[in-house]
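Novice: Sequential numbering of the sequence shown, starting at 193, is according to my numbering.
Below is the structure I would like to discuss, written out as structure tokens.
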Amino acid sequence: MEEVPIAKILYAISSFKRRGRPESLNTRAMIFSLILCKIEHIRFIKDLVNRLKSSAEFRLRCHFTGSDRVPSQAAYSRLFTKLQQSGILHEVIDITVDAAITEGFLKGESMAVDSSHVEAFDRNPKIDASKPAPSILPKEVEDSEEPAFLDAVSHVPQPAPKPEKPKRVKRGRVPKAEEAAWRAQVEAYEASLTHFEKEVAGMLSCSYEELIADMPTYPSVGAKGDPRGNGRVKYWYGYKLNLLVDCQSQYIVTGVNCSAHVNDQRPAIVLLKRLKERFPTLQPKYVLGDKGYDSEPVYQQVRDVGACSLIPLVHRTKLPDGVDKHLRPTCKQGHSYRYDSYDATRDTVKFVAPKECAACPFQADGCQKVIKKQVKEDVRRYTAPGRGSEKFHQLFKQRTAVERVFAYLKLYLELGTTRKLKRRAFVDMDLSCLTYNVCKLAIDKLNKRIREAKPAA
């Protein structure tokens, strides 16, 4: 618990009031108990309160004193609301990352990005869409034939309708007489879209604060295909947790929560912008991702961070002539050129002729021995190291670090399904990530002391 910056949390959620009765709850111990309940696999607040009442040893571990009364479930509910409104847990996670960088545990040479599903505690409203909505009027008023003074839903504020996407009934070019009106409709529709409703490339020019303000945070239906390629699709109702993890130390560098329907590429751009803005001392060489991040805007954002992308290709169209499945150039006989090196000064990748060309009949017929390409010509096609090379294969194995982090969070820190409603579910996810980073930092410091004590002994 010494690694938790508790003073920062208390300052953010404390309300300095001169009037009213004094605070009688030990807020510091309540925060420690929320972290310990993640480690002890206590999922419900009711079970946490019962554990505090029945176990004096657990109360001491949570730093409750003998004179402190056990908080109620309502007190913990108010604490969750304060944590959600302040947003302090994200800053506290950043502080633990800074501590890991200072101690030398986090180098940041290779980082992996990935997302995972988190089921919501809310009920999917589409399940009850076919059922009639329950009446909010008293039974005697509902059975009466006299008209009510006020409508049952008249007090509910209705959201402003958004412009619908303009559609044309007729095919072909827009006539000149209708072109101005059509252009006005299209511009009005595009102006009404948020950053997460526009094209992914439009997010590159936005700042991190603008993207976070437009991030969808309500529970929704998400879909994810089976990575084994059997054609099955998993659906869930809830949220999506996106993490950027250091591959060597397996620290959570930064993370963001969003609705389940959001494409993985959009939170990846948000995470990379956060990395560049919050941790400028970290200079990653490689950013690893699965096929879901194979998009040109993601490659451009990775280059903006100063790293190289290691992402497998997704062939959405037929391959062009003269390249193989890894988009490497091929010779006249169809053999693939081998990736040789990357020149950081000129930003070029070098391919050399394959071994089969040593006895090729086209060797004297203008077949190139060396091919150099600039990465900026096509950031998706040319990567360093090149796809299909042994170095790319060995580096891409490090992407399993982010999969292990998600496994730790779900198996040991109660991240599989949140038990909180709406925005307070994000507090539950952030507590799991904070607990993971704090435990990892404490273990690394302990191992460092043991290593330093061995030579002295």
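From the three backbone atoms N, C-alpha and C, an ideal C-beta is built for every residue, glycine too.
For Gly279, is the classification buried or exposed, using 16 other Cβ atoms within 10 angstroms of its Cβ as the cut-off for buried?
Specialist: Here residue 279 refers to the residue found at position 87 when the sequence shown is read from its first residue. Exposed, by the Cβ-count rule.
Novice: Please report the straight-line C-alpha distance between Ser259 and Lys614, rounded to a whole angstrom.
Specialist: The residue labelled residue 259 in the question sits at position 67 within the sequence shown. The residue labelled residue 614 in the question sits at position 422 within the sequence shown. Rounded to the nearest angstrom, the two C-alpha atoms are 35 Å apart.
Novice: Identify the continuous beta strand (DSSP E) that holds Met222 and give its terminal residues.
Specialist: For the purposes of this step, residue 222 is taken as residue 30 along the sequence shown, with counting starting at 1. Run containing Met222: none in the beta strand (DSSP E); it sits in the alpha helix (DSSP H), Thr219 to Ile231.
Novice: Does the structure place the region 366-381 close enough to the region 424-439 that three or more beta carbon pairs sit under 8 Å?
Specialist: no
Novice: Using C-beta distances below 7 Å, list every residue in its chain close to Arg573, excluding the 5 sequence neighbours before and after it, in chain order.
Specialist: Within the sequence shown, the letter at position 381 stands for residue 573. Result list for Arg573: Leu519, in chain order.
Novice: Which ranges does the beta strand (DSSP E) cover as unbroken runs of at least 3 residues, wholly within the region 552-638, from first to last along the chain?
Specialist: 562-566
Novice: Roughly how many whole angstroms lie between the Cα atoms of Tyr664 and Trp374?
Specialist: Residue 664 lies beyond the stretch modelled for the chain, which goes from 193 to 649, so this question has no answer here.
Novice: Could you pull out every residue in the same chain whose Cβ sits closer than 6 Å to the Cβ of Met407, ignoring the five residues on either side in sequence?
Specialist: Taking the first residue of the sequence shown as 1, we reach residue 407 at position 215. Correct list, in chain order: Cys450.
Novice: Express the C-alpha separation of Arg611 and Ser412 in angstroms, rounding to a whole number.
Specialist: For the purposes of this step, residue 412 is identified with residue 220 of the sequence shown, where counting begins at 1. For the purposes of this step, residue 611 is identified with residue 419 of the sequence shown, where counting begins at 1. Each residue's alpha carbon lies about 16 Å from the other.
Novice: Are Val630 and Ile227 closer than 9 Å when you measure CB to CB?
Specialist: Indexing the sequence shown from 1 puts residue 630 at position 438. Indexing the sequence shown from 1 puts residue 227 at position 35. Contact flag set, yes.
Novice: Indicate the three-state DSSP secondary structure (helix, strand or coil) for Pro408 in the structure shown.
Specialist: By 1-based counting over the sequence shown, the position of residue 408 is 216. Of the three classes helix, strand and coil, the one that applies to Pro408 here is coil, per DSSP.
Novice: Report yes or no: is there a C-beta of chain D within less than 9 Å of the C-beta of Trp428?
Specialist: Looking at the structure shown, chain D is missing, and only one protein chain is on hand.
Novice: Below 8 Å on the Cβ atoms is my contact criterion, and I expect Tyr410 with Val462 to pass it. Report the Cβ-Cβ distance as a whole number of Å.
Specialist: Along the sequence shown, one-based indexing puts residue 410 at 218. Along the sequence shown, one-based indexing puts residue 462 at 270. In fact, because the Cβ distance is near 17 Å, the residues do not count as touching under 8 Å.
Novice: Could you tell me the boundaries of the beta strand (DSSP E) in which Leu244 lies?
Specialist: For this step, residue 244 is matched to residue 52 along the sequence shown. Segment Ile237 to Ser246 is the alpha helix (DSSP H) holding Leu244; no beta strand (DSSP E) there.
Novice: How close, in whole Å, do the beta carbons of Gly430 and His309 come, if the pair is a contact with beta carbons under 8 Å?
Specialist: Locating residue 430 in the sequence shown gives position 238, where the first residue counts as 1. Locating residue 309 in the sequence shown gives position 117, where the first residue counts as 1. Right, their Cβ atoms sit about 7 Å apart.
Novice: Across which residues does DSSP place Met395 in a beta bridge pair?
Specialist: The sequence position of residue 395 within the sequence shown is 203, counting from 1. Partner(s): none; Met395 has no beta bridge.
Novice: Counting Cβ pairs closer than 8 Å, one from the region 533-542 and one from the region 505-516, do we hit at least three?
Specialist: no
Novice: Where Leu505 and Lys483 are concerned, what is the direct C-alpha to C-alpha distance, given to the nearest angstrom?
Specialist: Taking the sequence shown and counting its residues from 1, the one referred to as residue 505 is at position 313. Taking the sequence shown and counting its residues from 1, the one referred to as residue 483 is at position 291. The alpha-carbon atoms of Leu505 and Lys483 are separated by roughly 6 Å.
Novice: From Arg458 to Ile642, what distance separates their C-alpha atoms?
Specialist: Taking the first residue of the sequence shown as position 1, residue 458 is located at position 266. Taking the first residue of the sequence shown as position 1, residue 642 is located at position 450. Approximately 42 Å, taken between the alpha carbons.
Novice: What do you reckon, are the CB atoms on Leu502 and Tyr478 nearer than 9 Å?
Specialist: In the sequence shown, residue 502 corresponds to position 310, counting from 1. In the sequence shown, residue 478 corresponds to position 286, counting from 1. Yes, Cβ-Cβ distance for Leu502 and Tyr478 is below 9 Å.
Novice: In terms of DSSP beta bridges, what is Pro521 paired with?
Specialist: One-based indexing of the sequence shown puts residue 521 at position 329. Bridge partners of Pro521: Val515.
Novice: Tell me which residues share the same chain as Leu244 and place their Cβ nearer than 8 Å to its Cβ, disregarding the 5 neighbours each side in the sequence.
Specialist: Within the sequence shown, numbered from 1, the residue matching residue 244 stands at position 52. Setting aside the 5 residues that flank it on each side, Leu244 is surrounded in the same chain by Ser225, Phe250, Arg251, Cys254, Phe256, Val262 and Pro263, each with a C-beta closer than 8 Å to its C-beta; the list follows chain order.
Novice: Checking the sheet assignment: what are the DSSP bridge partners for Glu311?
Specialist: If you number the sequence shown from 1, residue 311 lands on position 119. Glu311 is bridged to Gly430 and Thr609.
Novice: Over the uninterrupted alpha helix (DSSP H) stretch that includes Asp290, give me the two end residues.
Specialist: Within the sequence shown, numbered from 1, the residue matching residue 290 stands at position 98. Here the alpha helix (DSSP H) through Asp290 covers Ile280 to Glu295.
Novice: Looking at C-alpha atoms only, which residue of Cys439, Ala460 and Pro358 is the closest neighbour of Gly447?
Specialist: For the purposes of this step, residue 447 is taken as residue 255 along the sequence shown, with counting starting at 1. When each option's Cα is compared against that of Gly447, the closest is Ala460.
Novice: Taking only the alpha-carbon atoms, compute the straight-line gap between Phe395 and Pro553 and give it to the nearest angstrom.
Specialist: Position 203 of the sequence shown holds residue 395. Position 361 of the sequence shown holds residue 553. Phe is not the amino acid found at residue 395; the sequence shown has Met there. Roughly 50 Å separates the two Cα atoms.
Novice: Identify whether Ala645 lies in helix, strand or coil by the three-state DSSP scheme.
Specialist: Indexing the sequence shown from 1 puts residue 645 at position 453. Of the three classes helix, strand and coil, the one that applies to Ala645 here is helix, per DSSP.
Novice: How far does the beta strand (DSSP E) with Val706 in it reach, from first residue to last?
Specialist: Since the first residue shown for the chain is 193 and the last is 649, residue 706 is missing from the structure and cannot be characterised.
Novice: Tell me whether Asn218 is buried or exposed, calling it buried when 16 or more other Cβ atoms sit within 10 Å of its Cβ.
Specialist: Position 26 of the sequence shown, counted from the first residue, corresponds to residue 218. Per the 10 Å Cβ criterion, buried.
Novice: What do you reckon, are the CB atoms on Met303 and Ala551 nearer than 9 Å?
Specialist: Numbered from 1 along the sequence shown, position 111 holds the residue referred to as residue 303. Numbered from 1 along the sequence shown, position 359 holds the residue referred to as residue 551. Against a cut-off of 9 Å, the Cβ pair of Ala551 and Met303 comes out as no contact.
Novice: His233: buried (16+ other C-beta within 10 angstroms of its C-beta) or exposed?
Specialist: What you label residue 233 is simply residue 41 of the sequence shown in a count that begins at 1. Looking at its Cβ environment, which holds fewer than 16 other Cβ atoms inside 10 Å, His233 is exposed.
Novice: Mind checking His387: buried by the 16 CB within 10 Å criterion, or exposed?
Specialist: Residue 387 sits at position 195 when you count from the first residue of the sequence shown. His387 comes out buried.
Novice: With contact counted as at least three CB pairs below 8 Å, one residue from each stretch, are the region 463-473 and the region 283-301 in contact?
Specialist: yes
Novice: What does the alpha-carbon distance come out to for the pair Val619 and Leu626?
Specialist: Position 427 of the sequence shown holds residue 619. Position 434 of the sequence shown holds residue 626. Between Val619 and Leu626, the C-alpha separation is close to 10 Å.
Novice: Just the Cα atoms here: how many angstroms apart are Tyr604 and Cys229?
Specialist: To locate residue 604, count along the sequence shown from 1; it is residue 412. To locate residue 229, count along the sequence shown from 1; it is residue 37. Each residue's Cα considered, the two are about 11 Å apart.
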